[in-house]
Every structure is written in structure tokens, then in C-alpha cells.
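> Going by the numbering used here, the residue at position 138 of the sequence shown is 141; the numbering climbs one at a time, nothing skipped.
We treat Cβ as the ideally placed atom computed from N, Cα and C, and that holds for glycine.
None of the values given here were measured: they were computed from a predicted structure.
This is the structure, below, for whatever I ask next.
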Amino acid sequence: MDKDLTAIEWRSDQWIYQFGGLRPDNILEYFSQSPFWDSSSNNAVLKMQTQFNALQQGSYDLKNMVGVEFSVTHQEPPMLFIITKFRRTSPTKVTPIAAYYILDGNAYEAPSLHSIVSTRMLSSIKRVENAFEIARSHAVFHPSVGYSWNESAELKAARKNALKDFQS
Numbered sequence: 004m005d006k007d008l009t010a011i012e013w014r015s016d017q018w019i020y021q022f023g024g025l026r027p028d029n030i031l032e033y034f035s036q037s038p039f040w041d042s043s044s045n046n047a048v049l050k051m052q053t054q055f056n057a058l059q060q061g062s063y064d065l066k067n068m069v070g071v072e073f074s075v076t077h078q079e080p081p082m083l084f085i086i087t088k089f090r091r092t093s094p095t096k097v098t099p100i101a102a103y104y105i106l107d108g109n110a111y112e113a114p115s116l117h118s119i120v121s122t123r124m125l126s127s128i129k130r131v132e133n134a135f136e137i138a139r140s141h142a143v144f145h146p147s148v149g150y151s152w153n154e155s156a157e158l159k160a161a162r163k164n165a166l167k168d169f170q171s
């Protein structure tokens, strides 16, 4: 399993200045400098194979290769670029592995759906647990009466005022 890099923000001002900003034609090159880049990806292999010969990288088709590849899946230059890491198993079958976004030159790994949902559920459960703790602190048990609700005079007055405001 890959390391969780969602807490990392990466930026290279020197690279942006040297290449005159971020554009659709150089965004993957910029991204390849980041810690999110996989040097064993098809993109990296293709770049290494074509860097010292007359063949251009564009003449090769990544769709015919099997393995991990990066692709720009959405762009609003020069501010936003979304890059997706895919696992290609055939020319027509790809599975997304991770998503990254570059916002104003800063690169981030997008959190997974699992981490977003689990964090939201955990915070919701914690709030429900707090509500039950408050309710339990007001419940009183006596063997002859059973359970009863014990609320302070201030809480009773606030509840009555809220009820009057609601009715008027």
C-alpha cells in the first residue's frame, strides 16, 4: 500500500519561473518533480526512452502500455489542474488509483472517498455521543419512582421561553 501523502503540499517556484508558468503542455512535467510522482509509471518510462533520441514522446501511445500512468483529467489553466493516477490493464480498461490537484502551483493529493466518509461518520458519532452524555446527566433514577428528568430552573425557563416564542 502506498504512503498517505494527503497531508503534503508541494510547490516549486523555481520550476514555475524557469518554464514561464504552468500550462497544459508542461503540467505533467511539473508534476513529475513532486513527491507524488511514480518513477515506475508508464509516463516516466516513456520519458526516459525518448529523451535522448529523435523520437518524440507524443508519437508513442500510453494507451497501448500496461501499468500505472498519470493523465490530466481536468484543467482550468493556469490555476487548476486535476491529475489522475490510473492502473491500465488493457487499451480500454483503466482503474483510478488516486487523484491529485494543482491549485495555483501547489500540488496536493486528494483524499480518498473512504477517508472523507469515515471522518464525517466519526465526527457525527462523536456529536451523538455528546448528546447522549448530556441527556444522561439529566436523568435521575429512584427505586420507588423510576426514571425522571431532572432539569435546572434555568433550563426550564429557557425551554418555556422557547415554547412561547414558537407559539407566537
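Answer yes if the segment 118-125 comes into contact with the segment 19-29, meaning at least three C-beta pairs across the two stretches below 8 Å, and no otherwise.
no
> On the CB-based measure, 16 or more other CB atoms within 10 Å of its CB, does residue 152 come out buried or exposed?
Against the sequence shown, residue 152 aligns to sequence position 149. Of the other Cβ atoms in all chains shown, fewer than 16 fall within 10 Å of the Cβ of residue 152; this residue is therefore exposed.
> Can you give the Cα-Cα distance for residue 159 and residue 145, rounded to whole angstroms?
Stepping through the sequence shown from its first residue, residue 159 is reached at position 156. Stepping through the sequence shown from its first residue, residue 145 is reached at position 142. Going from the Cα of residue 159 to the Cα of residue 145 covers about 21 Å.
> Assuming residue 47 and residue 35 are in contact, meaning their beta carbons sit under 8 Å apart, how far apart are those beta carbons, in whole angstroms?
The residue given as residue 47 occupies position 44 in the sequence shown. The residue given as residue 35 occupies position 32 in the sequence shown. Correct: roughly 7 Å between the Cβ atoms.
> By the three-class DSSP mapping on this structure, what secondary structure does residue 25 have?
Within the sequence shown, the letter at position 22 stands for residue 25. In this structure, residue 25 counts as coil in the three-state DSSP scheme.
> Enumerate in chain order the residues of its own chain whose CB-to-CB distance from residue 1 is below 8 Å, with the five nearest sequence positions on each side excluded.
Outside the displayed span of the chain (4 to 171) sits residue 1, for which this structure offers no information.
> Which whole runs of the alpha helix (DSSP H) in the segment 98-152 are 4 residues long or more, in chain order?
116-141
> Leaving out five residues before and five after residue 70 in sequence, what residues of the same chain have Cβ atoms less than 6 Å from its Cβ?
Counting from one through the sequence shown, the residue named residue 70 turns up at place 67. 45, listed in sequence order.
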